[in-house]
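2 protein chains.
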Amino acid sequence: MTGYNIAVVGATGAVGTRIIKMLEETSLPIASIKLLASQRSVGKTLEYNGQKLKVQEALPSSFEGVDLAFFSAGGSVSKKLAPEAIRRGAVVVDNTSAFRMDPSVPLVVPEVNEQALYKHQGLVANPNCSTIQMVVALEPLRKEFGLKKVIVTTMQAVSGAGNRAIKELYSETKAVLNQQEYKPEILPVTNAPEHYQIAFNPLAQIDVFEDGGYTHEEWKMIHETKKIMENEQIQVTATCVRVPVPISHSESVWFELEKSGATVAKLQQILQNAPGVILRDDPVHQVFPQALEATGQKETYVGRIRADGEQQNAFHLYCVADNLLKGAAWNSVQIAESLDKLGLLCVPNR
Amino acid sequence: MTGYNIAVVGATGAVGTRIIKMLEETSLPIASIKLLASQRSVGKTLEYNGQKLKVQEALPSSFEGVDLAFFSAGGSVSKKLAPEAIRRGAVVVDNTSAFRMDPSVPLVVPEVNEQALYKHQGLVANPNCSTIQMVVALEPLRKEFGLKKVIVTTMQAVSGAGNRAIKELYSETKAVLNQQEYKPEILPVTNAPEHYQIAFNPLAQIDVFEDGGYTHEEWKMIHETKKIMENEQIQVTATCVRVPVPISHSESVWFELEKSGATVAKLQQILQNAPGVILRDDPVHQVFPQALEATGQKETYVGRIRADGEQQNAFHLYCVADNLLKGAAWNSVQIAESLDKLGLLCVPNR
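Sequences listed follow chains A and B, in order.
Under numbering that gives the first Met the number 0, the first residue of the first sequence carries the number 0, and numbering increases by one thereafter.
Under numbering that gives the first Met the number 0, the first residue of the second sequence carries the number 0, and numbering increases by one thereafter.
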């Protein structure tokens, strides 16, 4: 069979299983798919287009003959095995934060900066889920009016912390409804000392706390947005909150444009025609983006577009997207489709 | 018995029952308590300090001999019966939005603008729940550094829409967990044509949509903040989101101060000593405000204080308070305590 030999690392995870699903739907020519994971998952089987595929242990030698490898098994696995895959001739699309801020690694959302792929040296980083949907919504507006400042508050789904976090949300919610005890073990951060109830209780911590009182998730949104938009001058600040939702992040975004002349109607019109965007903005009929509608979809849903009544060129929008699809699996497969389309799906100097 | 003869209108509601509880804890001298509600609730009994009190129908004549009346039965009831209560000599503390923006009516959060009570003409309005906790957190900072602009995103509990909304959240959540059908009938807005699932699904609509694509809740936050702080120059803009939480609102607040010189440490120190505030701001130990901790408490919990890294004099904070207590019942009883303390608990020209 002609086509790419593909490996999925972290195949059994929340994102990995969705990468397999997206590969079923992709236009990429596929010769073979190899499912890789940690030793713990070896022997499990997963379906791809009706075939049952066995999960194998991810080892350096696993990447022999692989043309394209999707990594979604945590930063440490990517750091260890992505260079091994590249050395063996694969192009890596990495869904972890391991290489995102490496200046030599393109950080790509195809609707925004597909051209950055030309600079890849065997590895392309998939941005953080919360960043992706925001830049999909803001880029079409930035193109027309420039972007000066962004202030975002996220309401993020627990699946960003993996399948175990989804289970914790459901088990804990059942326990609370039945007035039973439940000891949280995953959220807000698996390896952190304190765990808190997410059922019926928003948690203003996603990932670990870092400099200046910001969490790593908040810093990701700040740095990644500038890198993807290739403009360090855009001011970005963020507050990231985990909410009791299984899938799809909701984001409240305030933004200031550089140029004057924007109106709500004009911004709506731009977003109506923007790639990867579905406009859901009809207050009269109570139409606005919702997690339930976005879940399972590839697009970013945008609405609640309003002018800041007291600051020129400043507006609000509200965007919702499936964090496991556009925020991860779909964006990764989309990157591979772009690489293929641009003739970049080979390691330079192979 | 010496003390005030008190009426609670809307006694059986989410806020009404908490007003009764707050009256059990108040330092106000109380001679008698009369529980009033719509005809539907007549005959129900509620406990006050171990006594069983029968709920009576709220009629104009109900207010004969009443010195102090708390209204929390919807705007239309306040519009109809508050003037009747005042005419009969009662001072009214109104928890609805009916009179809040009336220039002759003080809109009071005792920690912020207690002095506004001196201007009352028989009626004092209790602000909207989402506004109250935000101004409790911001006022101490405004006093020291002035306040130029506020951008807030709220994550509000369903109890703001009453007891029926709490029931809907729980019933709907159970149905979703059991993969059963559930038809939403209350949220986002009881009388609106469309109802949406709140279980595991944030809804970016609180109250009806109005001018400029803002909801009534968002306009309340904008207008009420300016009125309470007695400064129309403060820029305020808001996005209000309902989240699957029974009690306590969480708010992500970005704000710009007028004066320079503020630091995170200084703002923390001010809030540490601020009335009605409990500081929960220790990222190293994963300490930040949570709905679970605030529920049942009278204070506003504040944390996540951080500098906007790219704009001078701009900061973030995150505040959480029990929307039924500080957002409603407790603030109302606190207003009554202030009126009593200032010798204002009588209708002028009685």
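Ideal Cβ positions, reconstructed from N, Cα and C, are used throughout, including at glycine.
These numbers come from a predicted model, not from an experiment.
Using a C-beta to C-beta distance shorter than 8 Å, which residues of chain A count as neighbours of residue i?
i: Val7 (chain B); result: Chain A residues near Val7 (chain B): none, gap ~28 Å exceeds 8 Å.
i: Pro243 (chain B); result: Phe199, Val242, Pro243, Val244
i: His315 (chain B); result: Thr236, Thr238
i: Thr172 (chain B); result: Thr172, Leu176
i: Ser249 (chain B); result: Pro201, Ala203, Val240
i: Gln296 (chain B); result: Chain A residues near Gln296 (chain B): none, gap ~14 Å exceeds 8 Å.
Compare the C-beta of residue i against all C-beta atoms of chain A and say whether one is closer than 7 Å.
i: Met154 (chain B); result: yes
i: Glu193 (chain B); result: yes
i: Ile150 (chain B); result: yes
i: Asp281 (chain B); result: no
i: Asp307 (chain B); result: yes
i: Gly342 (chain B); result: no
i: Gly212 (chain B); result: yes
i: Phe70 (chain B); result: no
i: Leu285 (chain B); result: Checking the sequence, you will find Gln at residue 285 (chain B) rather than Leu. Interface residue, yes.
Candidates the options: which alpha carbon is nearest residue i's?
i: Asp210 (chain B); options: A:Thr1, A:Arg303, A:Ala290, A:Ala81; result: A:Arg303
i: Lys225 (chain B); options: B:Gly15, B:Ala124, B:Gln196, B:Val134; result: B:Val134
i: Ala13 (chain B); options: B:Pro274, B:Asp281, B:Pro245, B:Ile277; result: B:Pro245
i: Gln333 (chain B); options: B:Gln196, B:Tyr300, B:Leu22; result: B:Leu22
i: Val263 (chain B); options: B:Tyr300, B:Ala273, B:Val175, B:Ala313; result: B:Ala313
i: Thr153 (chain B); options: B:Glu167, B:Asn127, B:Ile165, B:Lys147; result: B:Asn127
i: Lys297 (chain A); options: A:Asp307, A:Pro187, A:Pro192, A:Ser247; result: A:Ser247
i: Ile85 (chain B); options: B:Gln38, B:Gly2, B:Val65, B:Thr130; result: B:Val65
i: Gln55 (chain B); options: B:Thr95, B:Gly73, B:Gly9; result: B:Gly9
i: Ser249 (chain A); options: A:Ala293, A:Leu122, A:Lys147; result: A:Ala293
i: Gln311 (chain A); options: A:Phe144, A:Arg17, A:Ala36; result: A:Phe144
i: Asp281 (chain B); options: B:Gly295, B:Lys258, B:Arg305, B:Arg141; result: B:Arg305
i: Asp59 (chain B); options: B:Ala81, B:Leu52, B:Gly73; result: According to the sequence provided, residue 59 (chain B) is Pro. The question's Asp does not apply to it. Selected option, being the one with the closest Cα: B:Ala81.
i: Gly161 (chain A); options: A:Ala97, A:Glu184, A:Ala68; result: A:Glu184
i: Pro102 (chain B); options: B:Ile197, B:Glu216, B:Lys118, B:Asn112; result: B:Lys118
i: Phe350 (chain B); options: A:Glu138, A:Lys53, A:Met100, A:Phe208; result: Residue 350 (chain B) lies beyond the residue range present for chain B, which begins at 0 and ends at 349; the question has no answer from this structure.
Does chain B have any CB closer than 7 Å to the CB of residue i?
i: Leu186 (chain A); result: no
i: Ala203 (chain A); result: yes
i: Arg349 (chain A); result: For Arg349 (chain A), the predicted structure reports a pLDDT of 39, less than 50, and the residue's modelled location is therefore unreliable. A value from the coordinates is still provided. No - not a single Cβ of chain B is within 7 Å of the one on Arg349 (chain A).
i: Lys33 (chain A); result: no
i: His136 (chain A); result: Note that residue 136 (chain A) corresponds to Ala in the displayed sequence, not to His. No, Ala136 (chain A) does not count as interfacial toward chain B.
i: Trp218 (chain A); result: no
i: Gln132 (chain A); result: no
i: Ser331 (chain A); result: no
i: Val346 (chain A); result: Residue placement at Val346 (chain A) is poorly supported in this model, since its pLDDT is 45, which falls under 50; the coordinates still yield a value, given next. Not one chain B Cβ lies under 7 Å of Val346 (chain A).
According to DSSP, residue i sits in a beta bridge with which residue or residues?
i: Leu362 (chain A); result: The shown model of chain A, from 0 to 349, leaves out residue 362 (chain A), and the question about it has no answer.
i: Phe208 (chain B); result: B:Thr214
i: Tyr300 (chain A); result: A:Ile277, A:Val319
i: Leu67 (chain A); result: A:Ile5, A:Val90
i: Gln50 (chain A); result: A:Tyr47
i: Glu381 (chain B); result: Beyond the ends of chain B as shown, which are 0 and 349, falls residue 381 (chain B); an answer cannot be given.
i: Lys148 (chain B); result: B:Gln234, B:Glu255
i: Ile269 (chain B); result: Ile269 (chain B) pairs with nothing; no bridge assigned.
i: Ala306 (chain B); result: B:Phe314
i: Ala124 (chain A); result: A:Asp93, A:Leu106
i: Arg141 (chain B); result: The partner list for Arg141 (chain B) (beta bridge, DSSP) is empty, contrary to what the question assumes.
i: Ile29 (chain B); result: B:Tyr3
Taking Cβ-Cβ distances shorter than 8 Å, what residues in chain C pair up with residue i?
i: Ala290 (chain A); result: Chain labels in this structure do not include chain C; the protein chains are A and B.
Along chain A, in chain order, which residues have C-beta atoms closer than 9 Å to that of residue i?
i: Ile304 (chain B); result: Gly212
i: Gln310 (chain B); result: Lys148, Gln234, Thr236
Residue i versus chain B: which residues are under 8 Å apart at the beta carbon?
i: Phe208 (chain A); result: Pro282, Val283, Gln285
i: Tyr169 (chain A); result: Leu176
Find the residues of chain B that neighbour residue i, judging by a C-beta separation of less than 9 Å, and give them in chain order.
i: Val263 (chain A); result: Gly211, Gly212
i: Gln196 (chain A); result: Gln289, Leu291
Practice prompt. Would you be able to state if there are at least three C-beta pairs under 8 Å between the segment 227 to 236 of chain A and the segment 193 to 204 of chain A?
Written response: no
Worksheet item: When the Cβ atoms of the segment 327 to 345 of chain A are set against those of the segment 243 to 263 of chain B, are three or more pairs found closer than 8 Å?
Response: no
Worksheet item: Should the segment 74 to 93 of chain B be regarded as contacting the segment 305 to 322 of chain B, the criterion being three or more beta carbon pairs within less than 8 Å?
Response: no
Practice prompt. May I ask you to verify whether the segment 93 to 113 of chain A touches the segment 45 to 60 of chain A, counting CB pairs closer than 8 Å and requiring at least 3?
Written response: no
Worksheet item: Any contact of the segment 180 to 193 of chain A with the segment 258 to 275 of chain A, i.e. 3+ C-beta pairs under 8 Å?
Response: no
Worksheet item: If you pair each beta-carbon of the segment 164 to 174 of chain B with each one of the segment 272 to 283 of chain B, do three or more pairs fall below 8 Å?
Response: no
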